[in-house]
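This report refers to the structure that appears directly beneath it.
Residue numbers (my numbering): 1274 to 1388.
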């Protein structure tokens, strides 16, 4: 069994700027995972956003805290704690924190398909 806490030094050491508007940490990655590329924890301050982008892998965003607007492709919807958003391979996506407090989420990324 592998257990990681968000306060674990190995998790904290992976801190990075996530798509221009959030801070993220890798919780688990491919050296440990076999069928998923990574599990990350991200936080987005009020009024900030994870800038729109396209990824070569499928993702799932799981909102833990806060409220916001999620765009996937042409669709835009409000998101709140407990929501899981599927992002297909190659779809443009952007997340904006519209709340008064920090938004936190988990990001699960599938493996990049081999051609």
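Note that the Cβ used here is the ideal one computed from N, Cα and C, for glycine as well.
Source: prediction; values computed, not measured.
- For residue 1367, the three-state secondary structure derived from DSSP is strand.
- With contact defined as three or more Cβ pairs closer than 8 Å, the region 1327 to 1344 and the region 1296 to 1305 are not in contact.
- For residue 1288, the closest of 1387, 1332 and 1297 by C-alpha to C-alpha distance is 1297.
- Excluding residues up to 5 positions away in sequence, 1385 lie with their Cβ nearer than 6 Å to the Cβ of residue 1329 in the same chain.
- The way I'd put it, the region 1308 to 1320 doesn't touch the region 1346 to 1355; fewer than three beta-carbon pairs between them come closer than 8 Å.
- Per DSSP, the continuous beta strand (DSSP E) segment holding residue 1348 begins and ends at 1348 to 1352.
- Beta-carbon to beta-carbon, residue 1334 and residue 1362 are separated by about 15 Å, too far to satisfy the 8 Å threshold.
- Of the candidates 1338, 1299, 1283 and 1300, the residue whose Cα lies closest to the Cα of residue 1318 is 1338.
- Of all alpha-carbon atoms in 1325, 1351, 1299 and 1379, the one lying nearest the alpha-carbon of residue 1371 is that of 1351.
- Cβ contact annotation for residue 1294 (same chain, cutoff 7 Å, sequence separation greater than five): 1317, 1321, 1322, 1323 and 1324, in chain order.
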